[in-house]
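Quick note on my numbering: the sequence shown kicks off at 252 and runs consecutively.
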Amino acid sequence: MKDSRLAWLPNAITLGRLAAVPALAWLAVTHARGAFAVLLTLALISDVADGWLARRLGAESPLGSTLDSVADIALMAVILFAIWPLHPEVYREHGTVIWAVVALLALGHLASLLRFGRLASFHTRLIRAGIFTFSVFALVLFIVGFHPWLLYLAAAVCTLGALEHFAMLMLLPEWTPNIHGGLSEVLRRRRQQHSGRPPRKS
252 MKDSRLAWLP NAITLGRLAA VPALAWLAVT HARGAFAVLL TLALISDVAD
302 GWLARRLGAE SPLGSTLDSV ADIALMAVIL FAIWPLHPEV YREHGTVIWA
352 VVALLALGHL ASLLRFGRLA SFHTRLIRAG IFTFSVFALV LFIVGFHPWL
402 LYLAAAVCTL GALEHFAMLM LLPEWTPNIH GGLSEVLRRR RQQHSGRPPR
452 KS
């Protein structure tokens, strides 16, 4: 379904998620736990809604993909920031794991900037799974309480996503957004290019 009249809507939702980031930071610093949990829930829902709408409306674009990546990074960053005032015990007991994964993901985006001059916007299923598991961890943490196994599950999935990210960066000849199939999709496209067949969309 394509509707050019609503093509602006996915990017507007993404910008709304980005605008929620400073508000979330302020709510965390002021220990407004209830309001923080509500706004975080809405922001995470918007992360699903904008991509779904973009696909439904045929409104996927390089701009939208980049905006979504920036909003995702900002939202994950504010969650990491909010843990300190609201649940400092998480960093005291598990900070090494958290920052190791953050460093790996940050290096992936730095590598993309150095190679292509732009943030990566692959939106692979594995990266989306990492964001999903981290989002579940965050919601449970801020609404119910700390469950270490959720943190380690999110860390494991995010690490796999980051490793796939590096492999894709090495194989792609140019900046390419929305490779949902991940490394297997990149390899399939390379095989098709070498055989002279046009690549299919993921």
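Just so you know, even glycine gets a beta-carbon here, dropped at the ideal spot from N, CA and C.
Here the C-alpha atom of residue 375 lies approximately 16 Å from the C-alpha atom of residue 318.
At the C-beta level, residue 271 and residue 333 stay beyond 9 Å of one another. The alpha-carbon separation between residue 436 and residue 373 amounts to approximately 11 Å. Following the DSSP letters along the chain, one finds residue 283 in no alpha helix (DSSP H), marked with neither H nor E. By the 16-neighbour rule on beta-carbons within 10 angstroms, residue 330 is buried. In this structure, the CA atom of residue 368 is about 10 Å from the CA atom of residue 425. Under the three-state reduction of DSSP output, residue 429 falls in the coil class, being neither helix nor strand. Only residues of its own chain outside the window of five on either side were considered, and among them 269 and 272 have a CB closer than 7 Å to the CB of residue 325, listed in chain order. Within the same chain, and ignoring the five residues on either side of residue 257 in sequence, the residues whose Cβ sits closer than 7 Å to its Cβ are 308. For residue 406, the enclosing alpha helix (DSSP H) covers residues 399-422. In the three-state reduction of the DSSP assignment, residue 359 falls in the helix class, which pools H, G and I. Per the Cβ contact rule, the region 386-400 is in contact with the region 278-293 (3 or more Cβ pairs under 8 Å). For residue 361 and residue 340, the gap between their C-alpha atoms comes out near 30 Å.
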